[in-house]
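The sequence shown finishes on residue 129 if you use my numbering, and the numbering steps up by one all the way, no holes. Cβ coordinates follow ideal geometry from the N, Cα and C atoms, glycine included. This one's a predicted model, so the numbers in the text were calculated from it and none came from an experiment. Input: a single structure, listed below in structure tokens.
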Amino acid sequence: MKNSFKDLTLEEMIAKRDELRKQYLDIRMDRVLGHVENPLAIRNVKRQIARLNTLIHEYALGIRTSAN
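Written out as structure tokens, the structure is:
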């Protein structure tokens, strides 16, 4: 899962990040209501969002290009 994000284009990364943010909010809401099946899902989703943010920031800085 870690390396699968590196194959995505910048637009796909941004879309995936938005999708994960929505999923994170849904999991948080379920946690407040007491219906979380997997409590570690919050940690995993937060880490995936952080990985995507890092890759998106690398594009912004010019460290990573679409050719990489």
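Whole angstroms is fine: what's the gap from residue i's alpha carbon to residue j's?
{"i": "residue 110", "j": "residue 89", "result": "15 Å"}
{"i": "residue 105", "j": "residue 79", "result": "15 Å"}
Residues in its own chain within less than 8 Å of residue i by CB, not counting five upstream and five downstream?
{"i": "residue 119", "result": "125"}
{"i": "residue 107", "result": "85"}
{"i": "residue 117", "result": "71, 74, 75 and 78"}
Note down, in chain order, each residue of its chain lying with its Cβ closer than 6 Å to the Cβ of residue i, except the 5 sequence neighbours on either side.
{"i": "residue 103", "result": "88"}
Less than 7 Å between C-beta atoms, sequence neighbours within five positions excluded: which residues of the same chain meet that for residue i?
{"i": "residue 97", "result": "88 and 91"}
Quick check on residue i: does DSSP put it in helix, strand or coil?
{"i": "residue 97", "result": "coil"}
Cβ contact check for the region 88-103 and the region 63-74: 3 or more pairs under 8 Å:
Segments in contact, no.
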